[in-house]
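To keep things clear, I will list the structure first and then write my remarks on it.
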Amino acid sequence: MATIKYRELKRRYELDGPAATVQHLREALLQKQLRPEDFSIRDLAEALVPDGQEWVRSLDPRSSGGVQLWEAGEGVDVTAFLNVTGQLIYAKILEGYSQEVFVASRLVETISTRLDGEKIPGIGRIPDQATEIEPGMPYPHVGFGEDYIETPSTTKHGLIVAVTKEAIFFDRTHLILQRAAEVGEVLGLNKEKRILDVILGLVNTYKWNGVTYQTYYHIAERGPWVNALADNELVDWTNVDRAEQLFAEILDPSTGEPVLVEPNAVLVMPAYRHAANRVFYATQITYQPDGRPTATTTANLLRRYQVYESRLAYRRLVNAGIPAEEARQWWFIGNFRKAFAYMENWPITVTQSPPGSEADFNQDIVVRFKASERGTPAVLNPRYVVKCTGPVRSSSSS
């Protein structure tokens, strides 16, 4: 635990100014050189508020001996205290928001947008022969064709962390930071669930040329593409090979050519994390055809894949009505960043209420910090991911 020199912090604030001091503090917190838990909310108030010790004592109603009197024009400058406290709250919210267990948020591409839902045009198709240019002939232009996708409307999510007079007076720093971490975790969890529902195909938002489609289609469903394999439990490299072979059969509707995908990631349920590590991270694989007396050993080319495991994904499947035994065997393979995106209007952002608000008088809340983010998960091109499930078991009773 670092020892905070509050007088030095106050001196740097006065010399360097608010912006430089807050930026330095933010960098130190992001780089883990300092932790929010290293600070005391009461010590910060006493150091950064003019006559801070007196101000902290004034938070106790008994200190006035009756009605607290203020002279005209009198006010307490708590700006420095609130600016520094805001960085601690933000760091803790961000910590809860970006936990390692939120794998889907890292799997997909984040695309910044100022629109509440977008219409993204595709590139107009050009015949292959057009790329050959005769001497003196003009180069062909690439334009935007009628092919397009539409992304869903974005939604805003947020919560508020309040810092009360009691929290400062009794120095409940730990409680404030705990609340901030919970706010970040709730917002991060909400985002993770929404992204997972799209990746898993529980929510189908792919709208192509004005028509909404499912994300995954089995061959029996006669959809516009096939990117779902039944009876393909993840046991060994042959199951991966089946999924990879399916990619070779998927055609790009704009060009009629095979989808140019380089699968690089795998998402599995917790029950198959060890099986996935064995399949993808083994140094060698052995192949012995049925009935052959000899076996072939070769380097494991599947080591290029990154394996992700999600307990939340499994729980989302079960909550959606998928039997637990079936849900455990679901797994996904492909290039998730090309298939899915999080269309983000703004990332996790923390704003601070002005001092002296009505909540100060009504609820003894000195300051509130509002955390919010706005965005939505979208399917950009479902042909870049293949869904695999295990064998379907009979539900009939014996």
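Under the numbering used here, think of the first position of the sequence shown as 26, with each following residue one higher.
Where a beta carbon is used, it is the ideal one built from N, C-alpha and C, also for glycine.
If you're wondering where the values come from, they're calculated on a predicted model, not measured in any experiment.
Per DSSP, the unbroken beta strand (DSSP E) holding residue 184 starts and ends at 180–189. In the structure shown, residue 234 falls within a coil segment according to DSSP collapsed to helix, strand and coil.
Between residue 188 and residue 392, the C-beta gap is smaller than 8 Å, which places the two residues in contact. When rounded, the separation of the alpha-carbon atoms in residue 232 and residue 416 is 30 Å. The beta carbons of residue 103 and residue 74 sit about 5 Å from each other, so the pair counts as a contact at 8 Å. At a Cβ-Cβ threshold of 8 Å, residue 411 and residue 358 count as neighbours.
Taking the Cα positions, residue 190 is about 23 Å away from residue 209. Rounded to whole angstroms, residue 313 and residue 258 show a C-alpha spacing of 19 Å.
At a Cβ-Cβ threshold of 8 Å, residue 286 and residue 218 do not count as neighbours. Excluding the 5 residues flanking it on each side, residue 295 has same chain C-beta neighbours closer than 7 Å at 334, 336 and 339, in chain order.
Runs of the alpha helix (DSSP H) lying entirely within the segment 218–300 and spanning at least 4 residues, in chain order: 262–274. Of all C-beta pairs linking the segment 364–378 to the segment 133–144, three or more are shorter than 8 Å, placing the two stretches in contact. In this structure the segment 195–214 lies against the segment 114–121, because at least three pairs of beta carbons, one per stretch, are closer than 8 Å. In terms of CA proximity to residue 197, 61 leads the group 224, 375 and 61.
In this structure, residue 284 and residue 204 do not form a Cβ contact; the two beta carbons are roughly 47 Å apart against a cut-off of 8 Å. Counting along the chain, residue 137 sits inside the beta strand (DSSP E) bounded by residues 134–137. Between the C-alpha atoms of residue 398 and residue 309 there is a straight-line separation of about 45 Å.
Judged by DSSP in its simplified three-state form, residue 70 adopts helix. Residue 307 and residue 157 have their alpha carbons spaced roughly 45 Å apart. DSSP, reduced to helix, strand and coil, places residue 397 within a strand of the structure shown. Per the coordinates, the alpha-carbon of residue 400 lies some 9 Å from the alpha-carbon of residue 142. With the rule of 3 Cβ pairs closer than 8 Å, the segment 320–334 does not count as touching the segment 371–379. Around the beta carbon of residue 345, fewer than 16 other beta carbons sit within 10 angstroms, so the residue counts as exposed. Bounds of the beta strand (DSSP E) holding residue 376 are 365–377.
Counting the other Cβ atoms within 10 Å of the Cβ of residue 163 gives fewer than 16, which makes it exposed. Spatial neighbours of residue 130 in its own chain (CB-CB distance under 8 Å, excluding positions within 5 residues in sequence) are listed in chain order as 123, 213, 216, 217, 220 and 367.
Residue 80: member of the alpha helix (DSSP H) spanning 77–83, first to last residue. Between the alpha carbons of residue 79 and residue 69 lies a distance of about 13 Å. Each residue's CA atom was taken as its position, placing residue 272 and residue 63 some 52 Å apart. Residue 334 is bridged by DSSP to 293.
Residue 163 sits in coil when the DSSP states are folded into three classes, being neither helix nor strand.
Assigned with DSSP and collapsed to three states, residue 198 falls in helix. Between residue 184 and residue 192, the C-beta gap is not smaller than 8 Å, which leaves the two residues out of contact. Comparing alpha-carbon positions, the option among 406, 332, 224 and 206 lying closest to residue 279 turns out to be 406.
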